[in-house]
Amino acid sequence: MRFSENKVTDKTVLIVDDEEDLTWSIGKHLEKDREYYRHMTCNSGAEALAILKKHPIDMVITDIRMPEISGLDLLLKIGELYPHIKVIIMTAYGNSEVQEQANERGCFRYIEKPFEIRELRELIRDTLEEKKGFRGSLEDFQLGDLIQMNCLGRLSNSIRVTSGAREGIIFFEDGNIIHAQLGDLVGEEAFYEIISWPGGKFTLNKSLRAEKETILKGWQSLLLEGLRRKDEAGNAELSEEKARGEMQKVVDGLVGTKGVRLAIFFKPDGSAFVQARSESCTGEFDLVAVSVKLHDFLNDGDKLMSTFNISGRKEYSLEFQNGLLKLTWMPETRSYLMLLADQSSNFGLLRIESKKYLRSVADIIRKYGLFKKEQTA
Numbered sequence: 001m002r003f004s005e006n007k008v009t010d011k012t013v014l015i016v017d018d019e020e021d022l023t024w025s026i027g028k029h030l031e032k033d034r035e036y037y038r039h040m041t042c043n044s045g046a047e048a049l050a051i052l053k054k055h056p057i058d059m060v061i062t063d064i065r066m067p068e069i070s071g072l073d074l075l076l077k078i079g080e081l082y083p084h085i086k087v088i089i090m091t092a093y094g095n096s097e098v099q100e101q102a103n104e105r106g107c108f109r110y111i112e113k114p115f116e117i118r119e120l121r122e123l124i125r126d127t128l129e130e131k132k133g134f135r136g137s138l139e140d141f142q143l144g145d146l147i148q149m150n151c152l153g154r155l156s157n158s159i160r161v162t163s164g165a166r167e168g169i170i171f172f173e174d175g176n177i178i179h180a181q182l183g184d185l186v187g188e189e190a191f192y193e194i195i196s197w198p199g200g201k202f203t204l205n206k207s208l209r210a211e212k213e214t215i216l217k218g219w220q221s222l223l224l225e226g227l228r229r230k231d232e233a234g235n236a237e238l239s240e241e242k243a244r245g246e247m248q249k250v251v252d253g254l255v256g257t258k259g260v261r262l263a264i265f266f267k268p269d270g271s272a273f274v275q276a277r278s279e280s281c282t283g284e285f286d287l288v289a290v291s292v293k294l295h296d297f298l299n300d301g302d303k304l305m306s307t308f309n310i311s312g313r314k315e316y317s318l319e320f321q322n323g324l325l326k327l328t329w330m331p332e333t334r335s336y337l338m339l340l341a342d343q344s345s346n347f348g349l350l351r352i353e354s355k356k357y358l359r360s361v362a363d364i365i366r367k368y369g370l371f372k373k374e375q376t377a
């Protein structure tokens, strides 16, 4: 271990690499920046962990591929025990597009070997001073970052990912992603599903190997596609929340219509999307139970209609002694609106009054592209 002296700043940078000549050379050049930070060097992951226990460290610069405790193991420990520490990864196996995405996420920085020492010095100062939006700490460490380091380090192991009750495994061989399993789902689709999870815990296993190879695509393409799908899903969730807010205003307006006590808009899978009730609609009811019973009722209706070669629901109107029930389906998506009204209303009035609201519903569905992948109820 080597420690540079500095009386100007309390910032400390730790350089970790199993190549002693490299750490010596880097340390020698970093002396030029001693007014900005001190530096320490070591040549193993175990030594780095010992230093982290004894000294306050602001940044770790490490290689990934090291014997015994790899740079990946070291980073997992840093993420667990010292998530505030900023990180720069040195790698000989770069991929500019993947690294650019990692840099944009701000979890840590990459620098590709061989590099100009001037480039490293600039990166250290920018990251320490958080210039250009640089953050570089492991507080936002994600599965995609762990996968990327595994591949760049050309490691052979497996990552077990748990998120709530879900558990999946991704297998690596010499840095290639060769297999992923999530229950009965395997291969690329299992990988894409696992990486889409918003959070979770990661466990590294160096001895567990894949029994079969189900993924042939290169890891860069696989990771970029997985991150693209994750971003797309996140954008879809955000759009759905905005749409839900606009749709809520529509059903709120419907319960202001004469006689309408309850309005529920159902997704194509039969689950409720938004609902509103008037003050006259008293009493509690289980919305999930209502959805299930309505789903069963509609399926029975479809079976009955099929005996007459009739299909394609558009509207159901049911009249009772003390009220009306009207179901209207939206074209293409097969989502539908349910209105429950008392005896002061009638179907003619309901149809006229709900028509303008249904146009608003259709506009919201088109605007946000809702329910495109939903199955019909």
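Numbering (UniProt numbering), first residue to last: 1 to 377. All residues carry an ideal CB built from backbone N, CA and C; glycine is no exception.
Got a sec? Which residues, its chain only, sit under 7 Å from residue 379 by beta carbon, not counting five neighbours each side? No answer is possible for residue 379: it lies beyond the span of the chain, which begins at 1 and ends at 377.
Since His179 sits in a beta bridge, which residues does DSSP pair it with? Looking up residue 179 in the sequence shown gives position 179. Beta-bridge pairing links His179 to Phe171.
Spatial neighbours of Ser163 within its chain, please: CB distance less than 7 Å, with the 5 preceding and 5 following residues excluded, ordered by chain position. Within the sequence shown, residue 163 is the residue found at index 163, counting from 1. Result list for Ser163: Trp197, Gly199 and Gly200, in chain order.
Excluding the five sequence neighbours on either side, which residues of its own chain have a C-beta within less than 7 Å of the C-beta of Glu272, listed in chain order? Position 272 of the sequence shown, counted from the first residue, corresponds to residue 272. The sequence given here has Ala at residue 272, not Glu. Cβ within range, chain order: Ile264, Phe266, Leu287 and Ser291.
Indicate the three-state DSSP secondary structure (helix, strand or coil) for Asp63 in the structure shown. Sequence index remark: in the sequence shown, residue 63 carries index 63 (1-based). Three-state DSSP puts Asp63 in a strand.
Could you tell me which of Pro83, Lys77, His84 and Thr91 sits nearest to Ile64, measuring between CA atoms? As a working note, residue 64 is residue 64 in the sequence shown. Of the candidates Pro83, Lys77, His84 and Thr91, the one whose C-alpha sits nearest the C-alpha of Ile64 is Thr91.
Reducing DSSP to helix, strand and coil, say where Tyr36 ends up. By 1-based counting over the sequence shown, the position of residue 36 is 36. The three-state secondary structure of Tyr36, taken from DSSP, is coil.
Hey, out of Thr257, Ser306 and Asn346, whose CA is closest to Lys356's CA? Mapped onto the sequence shown, residue 356 falls at position 356. The option with the nearest alpha carbon to Lys356 is Thr257.
Taking three-plus beta-carbon pairs below 8 Å as touching, is the region 234-250 in contact with the region 204-212? No: the two stretches stay apart, fewer than three of their Cβ pairs being nearer than 8 Å.
Hey, how far is the Cα of Val161 from the Cα of Ile51? One-based indexing of the sequence shown puts residue 161 at position 161. One-based indexing of the sequence shown puts residue 51 at position 51. Rounded to whole angstroms, the gap between the alpha carbons of Val161 and Ile51 is 29 Å.
Express the C-alpha separation of Lys326 and Leu350 in angstroms, rounding to a whole number. Within the sequence shown, the letter at position 350 stands for residue 350. Within the sequence shown, the letter at position 326 stands for residue 326. Roughly 8 Å between the two C-alpha positions.
Over what stretch of residues does the beta strand (DSSP E) that includes Gln275 continue unbroken? For the purposes of this step, residue 275 is identified with residue 275 of the sequence shown, where counting begins at 1. Gln275 -> beta strand (DSSP E) spans Ala272 to Arg277.
Which of the three DSSP states, helix, strand or coil, is assigned to residue 456? Limits of the chain in this structure are 1 at one end and 377 at the other, which puts residue 456 out of reach.
Return the first residue and the last residue of the alpha helix (DSSP H) that Ile124 is part of. As a position in the sequence shown, residue 124 is number 124, starting the count at 1. Its alpha helix (DSSP H) spans residues Ile117 to Leu128.
Can you give, in chain order, each stretch of the beta strand (DSSP E) that sits fully within the region 282-343 and has at least 3 residues? 315-320, 323-329 and 336-341, all fully within the region 282-343.
Collapsed DSSP secondary structure at Tyr110 in the structure displayed: Sequence index remark: in the sequence shown, residue 110 carries index 110 (1-based). DSSP places Tyr110 in strand when its eight states are reduced to three.
Tell me which same chain residues have a C-beta within less than 8 Å of the C-beta of Arg154, skipping the five on either side of it? Position 154 of the sequence shown, counting from 1, holds the residue named residue 154. Only Arg65, Tyr93, Asp174 and Gly175 meet the Cβ criterion.
CB of Ile78 within 8 Å of CB of Ile85, strictly: Here residue 78 refers to the residue found at position 78 of the sequence shown. Here residue 85 refers to the residue found at position 85 of the sequence shown. When the beta-carbon positions are compared, Ile78 and Ile85 come within less than 8 Å of each other.
Can you pull the DSSP bridge partners for Asn157? Residue mapping note: residue 157 aligns to position 157 of the sequence shown, counting from 1. Paired residues: Phe172.
Roughly how many angstroms separate the alpha carbons of Met59 and Cys42, rounded to a whole number? In the sequence shown, counting from the first residue as 1, residue 59 sits at position 59. In the sequence shown, counting from the first residue as 1, residue 42 sits at position 42. Those two C-alpha atoms are separated by around 14 Å.
Please look up how many angstroms separate the CB atoms of Ile61 and Ile117, rounded, as I've assumed it's under 8 Å. Numbered from 1 along the sequence shown, position 61 holds the residue referred to as residue 61. Numbered from 1 along the sequence shown, position 117 holds the residue referred to as residue 117. Wrong, their Cβ atoms sit about 12 Å apart, outside the cutoff.
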